[in-house]
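Reviewing the structure listed below.
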Amino acid sequence: MGMENKTLIIGGTKGIGKAITEQLSNHECYIVSRSESSLPNHFMVDALTGDLPDIDGLTGLVYCPGSINLKPFHRLTQEDFINDYQKNVLGAVRVLQFYFRTLKKNNGSVVLFGTVASQQGMPFHASIAAAKGGLEALARSLAAEWAPNIRVNIVNPSLTDTPLAEALLSTEQKRENAAMRHPLKKIGSPADIAKAAIFCLENDWVTGQTIGVDGGMSAVRV
Ligand SMILES: NC(=O)c1ccc[n+]([C@@H]2O[C@H](COP(=O)([O-])OP(=O)(O)OC[C@H]3O[C@@H](n4cnc5c(N)ncnc54)[C@H](OP(=O)(O)O)[C@@H]3O)[C@@H](O)[C@H]2O)c1
Numbered sequence: 013m014g015m016e017n018k019t020l021i022i023g024g025t026k027g028i029g030k031a032i033t034e035q036l037s038n039h040e041c042y043i044v045s046r047s048e049s050s051l052p053n054h055f056m057v058d059a060l061t062g063d064l065p066d067i068d069g070l071t072g073l074v075y076c077p078g079s080i081n082l083k084p085f086h087r088l089t090q091e092d093f094i095n096d097y098q099k100n101v102l103g104a105v106r107v108l109q110f111y112f113r114t115l116k117k118n119n120g121s122v123v124l125f126g127t128v129a130s131q132q133g134m135p136f137h138a139s140i141a142a143a144k145g146g147l148e149a150l151a152r153s154l155a156a157e158w159a160p161n162i163r164v165n166i167v168n169p170s171l172t173d174t175p176l177a178e179a180l181l182s183t184e185q186k187r188e189n190a191a192m193r194h195p196l197k198k199i200g201s202p203a204d205i206a207k208a209a210i211f212c213l214e215n216d217w218v219t220g221q222t223i224g225v226d227g228g229m230s231a232v233r234v
């Protein structure tokens with residue numbers, strides 16, 4: 013693997029996407045986000061609605077935008093479900109349809125992000141779990157439809173220390189409680205999740221997989 017890898021990270025400016033960009037020193041990285049950034053090859057575009065940049069020779073695509081909207085089910089509105097679906101699923105669909113041809117031409121690899129909460133039922137996660145569960149099914153469907161040309165995998169994090177999770181980790185007590193809920197007794201770091209995403213990008217014999225990077229949350233009870 014050399015600089016012949018051209019990878020687009022939608023949401024490469026913060027959190028998990030930023031950690032992926034930092035770890036991909038052997039890839040030529042392109043980045044899309046809504047806010048301004050001084051990162052090289054950055055395009056300020058809303059991936060849900062804006063004009064996506066044409067990138068010839070794309071070999072990798074990572075879609076990071078996501079939401080954490082936790083409410084008791086009886087308080088979730090139709091709009092909550094629509095917004096979560098829009099950002100997590102339809103945004104990814106739009107980007108994948110846009111880059112499909114170049115990815116196919118270059119035997120590309122796609123990485124999406126789900127959540128531990130679509131594997132392990134968790135209170136107040138109904139809307140996001142429904143959306144991410146859909147995204148996970150989309151990833152497997154596309155892995156089948158696009159084989160052998162494009163690989164598609166999904167990484168399912170548990171609570172990770174990023175701007176998206178800020179409200180859940182805003183005090184030492186919250187951080188400690190969150191860590192203790194995980195079998196491995198810590199919350200995730202963006203770098204932990206990025207390593208799994210890069211494994212999916214670079215391993216040519218992996219497709220259709222859901223990879224839990226979740227401190228043991230989806231599989232282990234201690
Ligand atoms: N953090 C967690 O605890 C956790 C847990 C489970 C799953 N996940 C999933 O992991 C993924 C990454 O999460 P994260 O915590 O790293 O998120 P984050 O901190 O919110 O970062 C998201 C990145 O995406 C960009 N972005 C958001 N909406 C966009 C849009 N419409 N168009 C273009 N760029 C957009 C953001 O930049 P701008 O705001 O400038 O656009 C930012 O660079 C998400 O899919 C999330 O659901 C995270």
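Per my numbering, the very first residue in the sequence shown carries number 13; after that it's consecutive.
Here a beta-carbon is modelled for each residue, glycine too, at the ideal position from N, C-alpha and C.
Bear in mind the structure is a predicted one, so any value in this text is a computation, not a measurement.
Whole-number beta carbon distance between residue j and residue i, since they are thought to touch under 8 Å
| i | j | result |
| --- | --- | --- |
| GLY227 | GLN131 | Contact doesn't hold; Cβ gap of about 13 Å is too wide. |
| PHE110 | LEU64 | 5 Å |
| LEU70 | LYS18 | 5 Å |
| SER79 | ASP96 | 5 Å |
| GLY103 | LEU60 | 5 Å |
DSSP bridge partner residues for residue i (one or two, in chain order)
| i | result |
| --- | --- |
| LYS18 | GLU40 |
| VAL122 | LEU73 and VAL164 |
| PRO169 | VAL225 |
| SER45 | MET56 |
| GLY200 | THR172 |
Cβ of residue i within 8 Å of any chain C Cβ
| i | result |
| --- | --- |
| CYS76 | The structure shown has no chain C; it contains just one protein chain. |
Option nearest residue i by Cα separation, candidates the options
| i | options | result |
| --- | --- | --- |
| HIS39 | MET56, GLU148, ARG106 and ILE21 | ILE21 |
| THR174 | ASP68, THR25 and ALA149 | THR25 |
| ILE162 | LEU180, SER153, MET134 and VAL122 | VAL122 |
| ILE94 | SER201, ILE43, ILE140 and SER45 | ILE140 |
| LYS207 | ALA231, VAL57, LEU180 and ILE166 | ILE166 |
| HIS54 | GLY120, ALA231, GLY29 and GLN98 | GLY29 |
| SER170 | THR219, PHE125 and LEU213 | PHE125 |
Terminal residues of the alpha helix (DSSP H) in which residue i lies
| i | result |
| --- | --- |
| THR33 | 27 to 35 |
| LYS83 | No alpha helix (DSSP H) contains LYS83, which DSSP labels as neither H nor E. |
| PHE110 | 103 to 117 |
| LEU147 | 138 to 158 |
| ALA191 | 184 to 193 |
| ASN95 | 90 to 97 |
Boundaries of the beta strand (DSSP E) in which residue i is found, first to last residue
| i | result |
| --- | --- |
| MET56 | 54 to 56 |
Closer than 7 Å: residue i CB and nearest ligand 2 heavy atom
| i | result |
| --- | --- |
| LYS198 | Of the ligands one can find in the structure shown, namely ligand 1, none is ligand 2. |
Under 8 Å: do the region 174 to 185 and the region 134 to 152 share three or more Cβ pairs, one atom per stretch? With the cut-off at 8 Å, the region 174 to 185 and the region 134 to 152 do not touch.
On the three-pair Cβ rule with 8 Å, is the region 81 to 92 touching the region 24 to 42? Touching, no, given that fewer than three Cβ pairs across the two stretches are closer than 8 Å.
With contact counted as at least three CB pairs below 8 Å, one residue from each stretch, are the region 47 to 64 and the region 193 to 201 in contact? By the criterion of at least three beta-carbon pairs nearer than 8 Å, the region 47 to 64 is not in contact with the region 193 to 201.
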